[in-house]
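**Q** I'd like to ask you about the structure that follows.
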Amino acid sequence: HKITMTMASEVFSYESLVHAVSGAVGSVTAMTVFFPLDTARLRLQVDENRKAKSTPAILAEIIKEEGLLAPYRGWFPVICSLCCSNFIYFYCFHCLKASWQKGNQSTPRTDLITGIAAGIVNVLVTTPLWVVNTRLKLQGSNFRNADIRPTNYSGILDAFVQIIRDEGVGALWNGTFPSLLLVLNPAIQFMIYEGLKRQLRKGVPRELSSLEVFLIGAVAKAVATSVTYPLQTIQSVLRFGQYNMSTEKSKLLSGLRAVKCLLLNRARRYGMLGLFKGLEAKLLQTVLTAALMFLLYEKIASCTFRAMGLSSNHYKKR
């Protein structure tokens, strides 16, 4: 009974809520600032016939062909998805961390396991939102690949209705299998981030400077993205819904086969480097976004805890 009460107090604690809100606000602000870089990355991943150029060249091409606001196409659904996704991830991560740690200092192993568990919950809940926003973000784009079928969604709700009507409810979870494998991305990111934070604080529990937070956030994301990038490309392709999935009864086998086929086909057609097409745009966007997100997250959380009178205890615990 005591354990249940402790778990409940961690799940419904103000501290977890502060972390979740700070993470959501930080990520939404950072993504808005660097959104055009994500547009360039997604085009390179999905449109196989588009030549990989420098990120500014891709963006200039998109603006020239599709208008000044084209790099911000699909901003609203992405921001909605990101806000929900990061709220759930930060909330789960800090709930589980507080429950398992019980006041002790965390280790890289517990950070990794906590990150994977939080990621699995996040993927299962938010994949439909990400499928819809990938479709909306690519709608109306000028593709080099003539096989891509045009779509016509008027907004988030219409996209949900059309996907369920035309492709079935299961299509909302397209790309779930690579997404579950990709929970390693935020898990590795948080493990490195928390580990570097502990190293910098060794012997002196203190609040890190803005530059320190920005740099360790950037390093953590750069490593996590580089390791998992080929799977991110496959995830984007599957979410876009243009890949013909096999009609096997087993979703797991079908998902495994789709990931394997897409990886092999891409490697065969473009070489191993083809698996990393768009990585420059992704690294630029994701590293800057993550660094700014962690900086805003730490500052918002720090100000909130200080206002609640929790700052000194809070920084000794973390």
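With full-length UniProt numbering applied, the sequence shown corresponds to residues 1 to 318, in that order. Even glycine gets a Cβ: it sits at the ideal position worked out from N, Cα and C.
Taking Cβ to Cβ, would you say residue 281 is nearer than 9 Å to residue 47?
**A** Counting from one through the sequence shown, the residue named residue 281 turns up at place 281. Counting from one through the sequence shown, the residue named residue 47 turns up at place 47. For residue 281 and residue 47, no; Cβs fall outside 9 Å.
**Q** Are residue 106 and residue 257 closer than 9 Å when you measure CB to CB?
**A** Taking the first residue of the sequence shown as position 1, residue 106 is located at position 106. Taking the first residue of the sequence shown as position 1, residue 257 is located at position 257. Their beta carbons are not under 9 Å apart, which means residue 106 does not touch residue 257 by this criterion.
**Q** Helix, strand or coil for residue 148 per DSSP?
**A** By 1-based counting over the sequence shown, the position of residue 148 is 148. Coil, per DSSP.
**Q** Taking the alpha-carbon positions, what's the residue 154 to residue 232 distance?
**A** As a first step, residue 154 is located in the sequence shown; it is residue number 154 there, counting from the start. As a first step, residue 232 is located in the sequence shown; it is residue number 232 there, counting from the start. So the alpha carbons of these two residues sit roughly 26 Å apart.
**Q** In three-state terms, what does DSSP make of residue 205?
**A** Looking up residue 205 in the sequence shown gives position 205. Coil at residue 205, not helix or strand.
**Q** For a test of the three-state rule: what should DSSP assign to residue 142, helix, strand or coil?
**A** By one-based count along the sequence shown, residue 142 stands at place 142. Coil, per DSSP.
**Q** For residue 188 and residue 219, which I take to be in contact (beta-carbon distance under 8 Å), what is that distance rounded to the nearest angstrom?
**A** One-based indexing of the sequence shown puts residue 188 at position 188. One-based indexing of the sequence shown puts residue 219 at position 219. In fact, because the Cβ distance is near 11 Å, the residues do not count as touching under 8 Å.
**Q** Considering Cα atoms alone, identify which of 201, 300, 307, 123 is closest to residue 25.
**A** For the purposes of this step, residue 25 is taken as residue 25 along the sequence shown, with counting starting at 1. The candidate whose alpha carbon is nearest that of residue 25 is 300.
**Q** Determine the direct distance from the alpha carbon of residue 54 to that of residue 21, and round the result to whole angstroms.
**A** Taking the sequence shown and counting its residues from 1, the one referred to as residue 21 is at position 21. Taking the sequence shown and counting its residues from 1, the one referred to as residue 54 is at position 54. If you take the alpha carbons of residue 21 and residue 54, they lie about 35 Å apart.
**Q** Would you say residue 305 and residue 18 are within 9 Å of each other, going by their C-beta atoms?
**A** Taking the sequence shown and counting its residues from 1, one reaches residue 305 at position 305. Taking the sequence shown and counting its residues from 1, one reaches residue 18 at position 18. Yes. Within cutoff.
**Q** Between the alpha carbons of residue 238 and residue 23, how many angstroms are there, rounded?
**A** As a first step, residue 238 is located in the sequence shown; it is residue number 238 there, counting from the start. As a first step, residue 23 is located in the sequence shown; it is residue number 23 there, counting from the start. Rounded to the nearest angstrom, the two C-alpha atoms are 27 Å apart.
**Q** From this set, 40, 42, 230, which residue's C-alpha is nearest residue 265's C-alpha?
**A** Position 265 of the sequence shown, counting from 1, holds the residue named residue 265. Closest option to residue 265, Cα to Cα, is 230.
**Q** Here's a check: name, in chain order, each residue in its chain whose Cβ is nearer than 6 Å to the Cβ of residue 185, leaving out the five neighbours to either side.
**A** Here residue 185 is taken as the residue at index 185 of the sequence shown, counted from 1. Answer for residue 185: 224, 228, listed in chain order.
**Q** If contact is defined by three or more beta carbon pairs under 8 Å, each pair taking one atom from either stretch, is the region 57–77 in contact with the region 87–96?
**A** Taking 8 Å as the limit for Cβ pairs, the verdict is that the region 57–77 does not touch the region 87–96.
**Q** On the three-state DSSP scale, how would you describe residue 306?
**A** The residue labelled residue 306 in the question sits at position 306 within the sequence shown. If DSSP states are grouped into helix, strand and coil, residue 306 belongs with the helices.
**Q** State the start and end residues of the unbroken alpha helix (DSSP H) segment that holds residue 43.
**A** The residue you call residue 43 lines up with position 43 of the sequence shown. First-last of the alpha helix (DSSP H) with residue 43: 14–46.
**Q** Quick one: give me the first and last residue of the alpha helix (DSSP H) that residue 73 is part of.
**A** The sequence position of residue 73 within the sequence shown is 73, counting from 1. No alpha helix (DSSP H) contains residue 73, which DSSP labels as neither H nor E.
**Q** From residue 64 to residue 141, what does the alpha carbon distance come to, in whole angstroms?
**A** In the sequence shown, counting from the first residue as 1, residue 64 sits at position 64. In the sequence shown, counting from the first residue as 1, residue 141 sits at position 141. Spanning the two alpha carbons is a distance of roughly 12 Å.
**Q** Could you say which of 59, 190, 175, 27 lies nearest to residue 260 if we only look at CA atoms?
**A** Start at 1 with the first residue of the sequence shown, and residue 260 comes out as number 260. Closest by alpha carbon: 175.
**Q** Is DSSP giving residue 277 helix, strand or coil here?
**A** One-based indexing of the sequence shown puts residue 277 at position 277. Looking at residue 277 - three-state DSSP - the assignment turns out to be coil, as it is neither helix nor strand.
**Q** Using CA coordinates, which residue listed in 181, 221, 129 is at the minimum distance from residue 117?
**A** Your numbering for residue 117 matches position 117 in the sequence shown. The shortest C-alpha separation from residue 117 is found at 181.
**Q** Please name the residue in 284, 45, 101, 209 whose C-alpha comes closest to that of residue 144.
**A** Sequence index remark: in the sequence shown, residue 144 carries index 144 (1-based). The option with the nearest alpha carbon to residue 144 is 45.
**Q** Tell me the residue span of the alpha helix (DSSP H) that contains residue 191.
**A** By 1-based counting over the sequence shown, the position of residue 191 is 191. From DSSP, the alpha helix (DSSP H) with residue 191 extends over 184–200.
**Q** Measuring straight from C-alpha to C-alpha, what distance separates residue 14 and residue 308?
**A** Counting from one through the sequence shown, the residue named residue 14 turns up at place 14. Counting from one through the sequence shown, the residue named residue 308 turns up at place 308. One C-alpha to the other measures close to 10 Å.
**Q** To which residues of the same chain is residue 303 closer than 8 Å at the C-beta, ignoring the five residues directly before and after it?
**A** In the sequence shown, the residue the question calls residue 303 occupies position 303. Answer for residue 303: no residue qualifies.
**Q** Smallest Cα separation from residue 294: which of 156, 125, 212?
**A** By 1-based counting over the sequence shown, the position of residue 294 is 294. Closest by alpha carbon: 212.
**Q** Excluding sequence positions up to five away, which residues of its chain have a Cβ less than 7 Å from the Cβ of residue 234?
**A** Start at 1 with the first residue of the sequence shown, and residue 234 comes out as number 234. Answer for residue 234: 178, 259, 262, 263, listed in chain order.
**Q** Only counting the same chain, and skipping five residues up and downstream in sequence, which positions put a Cβ closer than 7 Å to that of residue 183?
**A** Stepping through the sequence shown from its first residue, residue 183 is reached at position 183. Hits under 7 Å: 116, 119, 120, 123.
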